[in-house]
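In what follows, a structure is listed as structure tokens, so that the remarks can point back to it.
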Amino acid sequence: MNEKARSTLLKYNVPVLSTSDPYYKKKNTNNINILTEGAGDLLTRDVLNIILPPRSFNENGQDLIQYVSTNPATRADVIKLQNQLDKELQDRKAREIGIDPVRSETYGQCFDEIIRQVTIDCSARGLLLVRVRDEMRTTISMYQTLFESAITWGMRKAMEKEQNRDALHAENESLKEQVKALKAKNIELEQKIHDIEKREEDYRSQKEKEHANETAFLKRQAAQLKTQLEQTLK
């Protein structure tokens, strides 16, 4: 039982105490009494109670029950309902696109009021509208389930993409570090090659210098020997 009755577009009678509900007393009488007291109104009331059940709530410590109104709608009531619908949508800031619970609830209340008005005029047409309402709710529920599934799938894919992006970013950073290390290794090897080439060049220069000195020494020695030999032969 709700603590307080909520405002709704569905038109209700004045709430009564649950313990003093006159219709509750009539429901427990026999069929003869029901027919003699007004079968037409009771039949409409029976149908309305089935398709639009009364609501119960507690107010100021009293348990109250409130039935939908059996008063027929006038043209002014229809125009008023349209204005109330527009105002309710605006006041509650209902979204115009997408699945919006506020808009769905408000239109549902308006449809229930239309069902009430039609049922009072013709119970059969009212019951037909109830079938339309229930099928519409089933369809909307199905679409909402599909929508939520699509949202869940999209979020999962986005998370997978984000995880893959993080993994690729980490791999990219790792490759950058490897490239950096290889560049450093390349510089180190190039320096070693340069040092080896320099040592080889220095060694070759040293050997060429030693060879030149040795050759010059041998030439001088040969010249001296030649001079000594010529002097001896004289």
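When we follow numbering that gives the first Met the number 0, the leftmost residue of the sequence shown carries the number 0, and every step to the right adds one. In this text, a Cβ means the ideal position worked out from N, Cα and C, and glycines have one as well.
For residue i, which of helix, strand or coil comes out of DSSP?
| i | result |
| --- | --- |
| I96 | coil |
| N59 | coil |
| L9 | coil |
| A222 | helix |
| R54 | strand |
Looking at C-alpha atoms only, which residue of the options is the closest neighbour of residue i?
| i | options | result |
| --- | --- | --- |
| R124 | F216, N163, K182 and I50 | I50 |
| D62 | Q83, L84, S68 and L16 | L16 |
| N70 | T231, N212, I113 and K225 | I113 |
| T7 | D111, I96 and L228 | D111 |
| D99 | I64, E147 and D76 | E147 |
| L80 | G97, Y106 and E58 | Y106 |
| V248 | C109, R94 and N57 | One cannot answer for residue 248 here, as it falls past the ends of the chain, which runs 0 to 233. |
| N57 | R5, A211, K179 and D165 | R5 |
By how many angstroms is the C-alpha of residue j removed from the C-alpha of residue i?
| i | j | result |
| --- | --- | --- |
| L9 | A169 | 60 Å |
| K197 | Q205 | 12 Å |
| E172 | M158 | 21 Å |
| K234 | T144 | Absent from the model: residue 234. The displayed extent of the chain is 0 to 233, so no value can be given. |
| E187 | N163 | 36 Å |
| L47 | E87 | 24 Å |
| A72 | Q116 | 6 Å |
| P53 | L42 | 15 Å |
| L127 | M135 | 12 Å |
| N12 | I64 | 10 Å |
| S103 | G60 | 32 Å |
| H193 | Q230 | 55 Å |
| E199 | K218 | 28 Å |
| D201 | I195 | 10 Å |
| R161 | A149 | As written in the sequence, residue 161 is Glu, which differs from the Arg given in the question. Approximately 18 Å, taken between the alpha carbons. |
| A215 | Q227 | 18 Å |
In or out: residue i buried (at least 16 other Cβ within 10 Å) or exposed?
| i | result |
| --- | --- |
| Q223 | exposed |
| T151 | exposed |
| Y142 | exposed |
| V67 | buried |
| T18 | exposed |
| C121 | exposed |
| T118 | buried |
| T138 | exposed |
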